[in-house]
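So the protein sequences, as listed, match chains A and B. The numbers in the numbering used here rise by one with no breaks, and the one at position 285 of the first sequence is 285. The numbers in the numbering used here rise by one with no breaks, and the one at position 31 of the second sequence is 1031. Virtual Cβ for every residue (Gly too), placed ideally from N, Cα, C. All of these numbers come straight from a predicted model, not from anything done at the bench. See structure below.
Protein chains: 2
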Amino acid sequence: MKDIARRAGVSESAVSFALNGRPGVSEATRARVRRVAEQLGWRPSTAARALSGEGAATVGFVLARPADTLGVESFFLQLVSGIQEVLAERHLGLLFQVAPDVADECAVYRRWWAEHRVDGVLVVDPRADDPRPGLLDELGLPAVVIGGAPDVRHPGLSTVWADDAGAMASVVDELTALGHRRIVHIAGLPGLAHTRRRISTLRAEAERRGLTGVRSVPTDYSDAEGAAVTRRVLGGSPPPTALIYDNDVMALAGLAAAADLGFRVPQDVSLVSWEDSALCRLVSPRLSALSRDSAGFGRTAARELLALLDGAPARAVGVPVPRLTGRGSTGVARPE
Amino acid sequence: MKDIARRAGVSESAVSFALNGRPGVSEATRARVRRVAEQLGWRPSTAARALSGEGAATVGFVLARPADTLGVESFFLQLVSGIQEVLAERHLGLLFQVAPDVADECAVYRRWWAEHRVDGVLVVDPRADDPRPGLLDELGLPAVVIGGAPDVRHPGLSTVWADDAGAMASVVDELTALGHRRIVHIAGLPGLAHTRRRISTLRAEAERRGLTGVRSVPTDYSDAEGAAVTRRVLGGSPPPTALIYDNDVMALAGLAAAADLGFRVPQDVSLVSWEDSALCRLVSPRLSALSRDSAGFGRTAARELLALLDGAPARAVGVPVPRLTGRGSTGVARPE
DNA sequence: TGCGAGCGCTGAAGCGCATTAGTGATCGTG
DNA sequence: CACGATCACTAATGCGCTTCAGCGCTCGCA
């Protein structure tokens, strides 16, 4: 900036005014300064900016998953890609961190806050009794919870959420319309909020319809558990005629397990994956799956965070209900 | 820090010395200052640190891929997870960015450099005629190229590389031992350096053995192209008896395509995936695949970057040659 | 006993930017 | 024509930290 000031023949402060669009300099000077700055390839030092109270121009994102289950889901990279798309418009950086569990994640937030490293954070995988909203509220760190239900206890946090309940209800609708009455939901981690929402909605829908052979079995999202649970429930008597998997990897594992047991898909059993991806289209039969716009989800979340940083009040916004893309793995229930 | 100084009854400079392990204060004072700092939960402001010449305590990572092919590979999240493991030891942050292409990636590096946002970067997917090493050399930004061959033209950059040539040779060894003589390599993006290494090694191995029905077909890594190329080459006459896919997604797509055409695996055609993942174990038959330690790759790269930041000279280090895990998709070639 | 060396510490400057108070010139108005 | 108001700009201060140049003190040694 000193260089720019010298070359443009003005003071440093004038340069600051000019480049930040603040009043206090003539349009002619502003243009001249801008030109010189461009010539010199000047970019403000984020460190200096941050130090003089402008914030770190950075947003934080922590993924708390055990390392070995990290790669299996395409969801997160898509989400991050959507987030970036929005952040890039303002030249905000994304500080990314993987942590082994939520306790460590909280430690990361504390550290980032103490170090003034981020202006806000995006929180994923909200769970029951989640310590994170309380912590972030306490620290006063602007945050958007991705995938949580609106949380009345922490009005400082925004929420971007998908209507899992509505989606589950529509899946049950479709399956019962096909004649299915015994449905098993191979769920994800029981601690996650959306897992709970799906489980309780399924139970409610079953009660409403008087279905008794309907239940949820929580897992750790891994292919191993997906296959194991599939084998167990299909070995029961009578076996379910439809299975709903909380992610694509388990659905694939379940498909293989069903085939091993001699179940034909979809003649003997229908399969639904609660996550669409290339995988679902790569196996035979192709898997019917709930499609959602993960990148769009990320964009929405990022926009909410920007709004929060601009001083807008926190709020909860919904994203479109995921829709079931029917493929080859769902069909009419076999008559008893 | 002012608070700490006051409470400990010393000057700010003494606090700085004490907390940074620098000489100039007695051990007693140092301990006292440390205690007070801990009580207050003090953490240095990265902005201030960066401003006074200590660097940004941040490392950059850009992923230049079109958004839609982002999620398909588990490799990157695993890699990042390994990187973080090492960076976390020093409390270094990871600034993550996805970019549509290499030109944009270069722009990101320039911006980061101008803004003093990062101390160094990790570069993935090196390609032929890559502008990035030159740029980073010119900017003087410490960098580690992940997956590149050692680059003599840019001695300022470190390289962490896997021996694709050796791996390809060993795969060809195994396949020819099974009697395969017509092998098609469904390769990845032709611009990537490791794709070229694999292609040229395959050609050399074929020549060495006098095999004429061996070739590589570059693709964009997508399931669509993987399936299309599989259909095309299996429709040829005589068709190949073994296919090598440069990633797991294409291998899966190829498996489905082969089944569609009535080819049995492995009786009619053997399949090898150059990327192991849960997917390879989820299909039937299970895919034989080259396993590598992606997280370990990331750890090695991160350690090289730390060394570079500590002033060590750049160097090239190799990671273990990926090994072929034989599963159900490879078998003896069908006698003609 | 006197002097230099070294120790433990303090004060001040500076990193690059934003901001506030202040300055001189120009303008409009009575 | 004189006055306050406005405009275009400058000088100075501070953000939180590191660092460098002292500064007084004690200690060892001649």
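CB contact below 8 Å: residue i versus chain B
i	result
histidine 116(A)	yes
phenylalanine 263(A)	no
glycine 93(A)	yes
alanine 256(A)	yes
alanine 228(A)	no
Sequence-distant residues of its chain with Cβ nearer than 6 Å to residue i (five each side left out)
i	result
aspartate 1125(B)	Leu1192
isoleucine 83(A)	Gly298, Ala302
valine 62(A)	Gln97, Ala99, Glu105, Val108
alanine 64(A)	Ala99, Asp101, Val102, Glu105
valine 321(A)	Asp163, Gly166, Ala167
arginine 182(A)	Gly213, Pro240, Thr241
valine 1033(B)	Ala1008, Val1015, Ala1018
Residue-chain proximity (residue i, chain A), Cβ-Cβ < 8 Å
i	result
arginine 1338(B)	Not covered by the structure: residue 1338(B). The range shown for chain B is 1001 to 1336.
threonine 1046(B)	yes
alanine 1253(B)	yes
leucine 1175(B)	no
alanine 1005(B)	no
alanine 1056(B)	yes
Cross-chain neighbours of residue i in chain A, by beta carbon under 8 Å
i	result
aspartate 1223(B)	Ala278, Arg281, Leu282
8 Å Cβ shell around residue i - same chain, five flanking residues per side excluded
i	result
alanine 5(A)	Ser11, Glu12, Ala14, Val15
serine 1270(B)	Leu1175, Leu1178, His1180, Thr1241, Ala1242, Leu1243, Ser1288, Ser1329, Thr1330, Gly1331, Ala1333
threonine 195(A)	Ala187, Gly188, Leu189, Pro218, Asp246
glutamate 85(A)	Ala295, Gly298, Arg299, Ala302
Neighbouring residues, chain A, relative to residue i (Cβ below 7 Å)
i	result
valine 1086(B)	Near valine 1086(B) there are no residues of chain A at all, since even the closest Cβ is about 12 Å away, more than 7 Å.
alanine 1050(B)	Ala47
arginine 1043(B)	Arg111, Ala114, Glu115
First through last residue of the beta strand (DSSP E) which encompasses residue i
i	result
phenylalanine 1061(B)	1058-1064
glutamine 267(A)	Element bounds for glutamine 267(A): n/a, residue is neither H nor E.
threonine 241(A)	Threonine 241(A) -> no beta strand (DSSP E), and no H or E assigned at all.
threonine 1300(B)	Taken as a continuous stretch (DSSP letters only), threonine 1300(B) belongs to no beta strand (DSSP E), being part of the alpha helix (DSSP H) at 1294-1309.
threonine 1325(B)	1323-1325
alanine 1289(B)	1288-1291
Boundaries (first-last residue) of the alpha helix (DSSP H) holding residue i
i	result
valine 1145(B)	It is not in any alpha helix (DSSP H) - valine 1145(B) instead sits in the beta strand (DSSP E) that spans 1143-1146.
threonine 1046(B)	1046-1049
alanine 1316(B)	Segment 1316-1319 is the beta strand (DSSP E) holding alanine 1316(B); no alpha helix (DSSP H) there.
alanine 99(A)	It is not in any alpha helix (DSSP H) - alanine 99(A) instead sits in the beta strand (DSSP E) that spans 93-99.
valine 1121(B)	Not the alpha helix (DSSP H): valine 1121(B) falls in the beta strand (DSSP E), residues 1120-1124.
methionine 1250(B)	1248-1260
glycine 1140(B)	First-last for glycine 1140(B): undefined, no H or E at that position.
tryptophan 113(A)	102-114
valine 1036(B)	1027-1040
arginine 281(A)	278-282
serine 13(A)	12-19
arginine 7(A)	2-8
valine 340(A)	An answer regarding residue 340(A) cannot be provided, because it is not within the stretch 1 to 336 covered by chain A.
Neighbouring residues, chain B, relative to residue i (Cβ below 7 Å)
i	result
glycine 296(A)	Here the premise fails: no neighbours, minimum Cβ distance about 11 Å.
Partner residues on chain B for residue i, Cβ-Cβ distance less than 9 Å
i	result
valine 249(A)	Ala1278, Leu1279, Leu1282
Interface residues of chain B facing residue i [CB-CB closer than 8 Å]
i	result
alanine 259(A)	Ser1284
Contact set for residue i: own chain, Cβ-Cβ below 7 Å, skip 5 residues either direction
i	result
arginine 49(A)	Ala57
leucine 1309(B)	Asp1119, Gly1120, Pro1142
proline 133(A)	Val145, Asp151, His154, Leu157
serine 1081(B)	Ala1295, Gly1298
glutamine 267(A)	Gly331, Arg334
valine 1184(B)	Arg1215, Val1217, Val1233, Pro1240, Leu1243
Residue i: CB within 7 Å of a non-hydrogen atom of the ligand GDP
i	result
glutamine 267(A)	This structure does not include the ligand GDP; it has no bound ligands of any sort.
inquiry  = Give the list of continuous alpha helix (DSSP H) stretches no shorter than 4 residues that lie fully inside the region 157-227 of chain A.
reply    = 164-177, 193-209
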